[in-house]
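Scroll down for the structure; my scribbles are underneath it.
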């Protein structure tokens, strides 16, 4: 577990994580809240990702080799550190649940409607568990290997979607209250850069690497913006019906009827993205768990997660709808604390102590 | 073996993979083929009979044969709700109804007399009907329509999908998919256009149906049976089994307001509407009684090869004005009547001032006729309200306060049309 990854690999992981939760059901959820102005909610929330990323750069510059848990412990004491890491454990666990349920529903509709929930569960769990046992380096190398395939597929999807372009989205038609509500309610779907804090002691990041890092993350951000723009342009008033944005923007048109299953490109992309995102989040969960319970081994941590995950999924306490509902209600407060309060506090204290 | 066990010990995850392989692979092998458990529906018909939904499914049946012919059957079932009707259909088929490959949805006039959006919403959101599915309205029961289409396909290879695909691309104002219907339905003016294909009795040619035509007024007593066997409870046509029918694919469409059928528009009205649409270029202008230096009371047919439409929306003295510039690139394709010396090479590009005036007059008349229908029915098919709202939001909101609702908006719009004609 003491492996390190290069700056480029970290950038690729961050770039892939940026797509988590955002290209399937989120565009329609944002439209439900604020019509086409959901696009601006998305831009705002995307900006928060960059804020978190810049805070990470600052903290990483101040503490190039330290563990995030140790940093919090150093400034706020062990109880606060444990409390924050407990919150992080819950946060990552629920994030995995949310991504799993959204991905499952996507594959269930697009690929195999008769497939049982447990088939998906076992497929995902096996891969996630393997990735975590292998460590961050093989995971990052895997991400590096598939990165260009994923990005190429997404660009191809955007190009295809231009054939369905209808009209410019009707912006600024919703009231500001809906905008702020949308930003707050969907905070949990963002903040993917938080993973970088958890693995910061395994990342080799130098000052000169930051430009390269930003280039990767910006590429993902631009792709996401184009997907959202095309989604609202194509579907207009019916955007709220389309729950699988990435597939729907290329398959809904009658013009593509004769081309058969064109959405296979989207399916492959989502498959790779889901596996990689879930594995990275699982790794982050294990890191937090092992920091909190330092005497427990990785095998124990993985077993705890697997059992808890199967129990939650099997009990149907959290399914597709409840996961989305919880993600837009309770988890927003978690997100607010962990995305902003924690990194800003750490940064401020670090700067303050440094000056003294 | 020892090496294998050693390798497994080193990577226990392989055991998990082995377990999954042993568990799922045999289940995949013994599982029945998808076509055995799922009925692949290529077209779905929605009808309403005595407060009950009637669902007709054109189903592809896969079975081994040596002739490579595709076999389709029609199944019908009824229910108080669509889900009940589809469940019943599944029971009759002995398979789960799969709508993933459905390309066409047919809606009868009886269903069109009420809001069809809830039914389509259910099919799209719950039953996984693709939104790219083309929506067609018809005058007969959907079961009769399907039977006719099946026969049409068998006898002439004329495919409904291909017909509607062509219409959507070249004839209609817009594509008439479920998605475009829903977009119109959820727009501020709640207006949509849907393709309309009636089936009528034919005196000479046509396709004979085994059963008499069941029009909407006469099929109330129809009962439900599986296997494509509709009962013949006496249609209003009441004709013999040798009666022939034909499908009218004349580019007709129906206007729906809040999901309810308002009126049908014929090809002439559609032609007037299509002058605002630069995509539809399959237009022929017929000019009667042209008299100029070359022609004397001749009838000329001009084909529109290219069309450039520019619309500008503005408020003049508080009144919404839509200024439209239509540039037509035409060529003369046919002459009926006496003509003077006209060389064949220059004939195609022949346009005199008289011809230009005639074309402008014809286009304006067609537009005026179309607008009259839309204003009368308060159906803003041209989406004028949305265009003005997009370009002059504040003024449109102010103007909306003066009129009763967005429905009234179209009748207050002043249309200024300039037609320029060029030889192609």
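Protein chains in written order, with the working numbering: chain D, 1 to 356; chain F, 1001 to 1424.
The beta carbon of each residue, even a glycine, is placed where N, CA and C say it ideally should be.
Look at residue 37 (chain D) and residue 179 (chain D) and say whether their C-beta atoms are less than 7 Å apart.
-> yes
Endpoints, beta strand (DSSP E) assigned at residue 1073 (chain F) | 1071–1079
Does DSSP put residue 1326 (chain F) in a helix, in a strand, or in coil?
-> strand
Contact list for residue 170 (chain D) against chain F, beta-carbon separation under 7 Å = 1390
Cβ of residue 1309 (chain F) within 7 Å of Cβ of residue 1286 (chain F)?
-> no
With DSSP collapsed to three states, give me the class of residue 1141 (chain F).
-> coil
Looking at the C-beta of residue 357 (chain D), does it have a partner C-beta in chain F at a distance below 7 Å?
-> The requested residue 357 (chain D) is not part of the displayed model; chain D covers only 1 to 356.
Complete beta strand (DSSP E) runs within the region 185–260 of chain D (minimum length 3 residues, chain order) = none
Determine, using beta-carbon pairs with one atom in the region 137–145 of chain D and one in the region 208–227 of chain D, whether at least three such pairs fall under 8 Å.
-> no
Cβ-based neighbour list, residue 58 (chain D), same chain, cut-off 7 Å, excluding 5 preceding and 5 following = 347
Same chain, Cβ closer than 7 Å to residue 44 (chain D), neighbours up to 5 away in sequence not counted = 183
Could you give the distance in angstroms between the alpha-carbon of residue 156 (chain D) and the alpha-carbon of residue 163 (chain D)?
-> 12 Å
Mind checking whether residue 1271 (chain F) and residue 1404 (chain F) have CB atoms under 7 Å apart?
-> Their beta carbons are not under 7 Å apart, which means residue 1271 (chain F) does not touch residue 1404 (chain F) by this criterion.
7 Å Cβ cutoff, residue 1158 (chain F) in contact with chain B = Of the chains in the structure shown, none is chain B; the protein chains are D and F.
Spatially closest choice to residue 1293 (chain F) from F:1257, F:1402, F:1255, F:1351, by CA coordinates | F:1351
Would you call residue 335 (chain D) buried or exposed, if buried means 16 or more other Cβ atoms sit within 10 Å of its Cβ?
-> buried
Are the C-beta of residue 237 (chain D) and some C-beta of chain F separated by less than 7 Å?
-> Taking Cβ atoms only, chain F reaches closer than 7 Å to residue 237 (chain D), which makes this a yes.
Touching or not, the region 1366–1378 of chain F and the region 1395–1414 of chain F, by the rule of three or more beta carbon pairs under 8 Å?
-> yes
With a cut-off of 8 Å on the beta carbons, I'd call residue 242 (chain D) and residue 35 (chain D) a contact; round off their distance for me.
-> Their Cβ separation, rounded to whole angstroms, is 14 Å, which puts residue 242 (chain D) and residue 35 (chain D) out of contact at 8 Å.
Kindly list the residues whose CB is nearer than 7 Å to the CB of residue 1370 (chain F), restricted to its own chain and excluding five residues on each side of it in sequence; keep chain order.
-> 1269, 1272, 1273
Give a yes or no on whether the minimum CB-CB distance between residue 122 (chain D) and chain F is below 7 Å.
-> yes
What in chain D is Cβ-close to residue 1373 (chain F), meaning under 8 Å?
-> Correct list: empty, because the minimum Cβ distance to chain D is about 24 Å.
Beta-carbon separation (whole angstroms), residue 1171 (chain F) vs residue 1251 (chain F), contact threshold 8 Å | 4 Å
Anything in chain D within Cβ reach of residue 1125 (chain F), meaning under 8 Å, just list it in chain order.
-> 241
Terminal residues of the alpha helix (DSSP H) in which residue 359 (chain D) lies | Missing from the structure shown is residue 359 (chain D); chain D here goes from 1 to 356 and no further.
Just checking, does the region 41–56 of chain D make contact with the region 189–205 of chain D on the three C-beta pairs under 8 Å criterion?
-> The answer is yes - the region 189–205 of chain D touches the region 41–56 of chain D, with three or more Cβ pairs under 8 Å.
Min CB distance residue 1040 (chain F) to chain D below 7 Å = no
Residues that residue 157 (chain D) contacts on chain F, provided the C-beta gap is smaller than 7 Å = Near residue 157 (chain D) there are no residues of chain F at all, since even the closest Cβ is about 16 Å away, more than 7 Å.
Is DSSP giving residue 1350 (chain F) helix, strand or coil here?
-> Looking at residue 1350 (chain F) - three-state DSSP - the assignment turns out to be coil, as it is neither helix nor strand.
My guess is that residue 1041 (chain F) and residue 1112 (chain F) are in contact by the Cβ rule of under 8 Å, so how many angstroms apart are they, rounded?
-> Not confirmed; about 21 Å, so no contact.
Hey, residue 1402 (chain F) and residue 1260 (chain F) are a contact pair by Cβ (cut 8 Å); roughly how many whole angstroms apart?
-> With a Cβ gap of about 27 Å, residue 1402 (chain F) and residue 1260 (chain F) do not count as contacting.
Residues within the region 1174–1192 of chain F neighbouring chain D, beta-carbon criterion of under 7 Å | 1175, 1177, 1179, 1182, 1183, 1186, 1187
Have a look at residue 1058 (chain F) and residue 1086 (chain F) and give me their C-alpha separation to the nearest angstrom.
-> 13 Å
At a Cβ cut of 9 Å, what residues of the region 1131–1147 of chain F count as close to chain D, listed as they run along the chain?
-> So the close ones are 1131, 1132, 1133, 1134.
Min CB distance residue 1029 (chain F) to chain D below 7 Å = no
Using three-state DSSP, classify residue 300 (chain D) as helix, strand or coil.
-> The three-state secondary structure of residue 300 (chain D), taken from DSSP, is helix.
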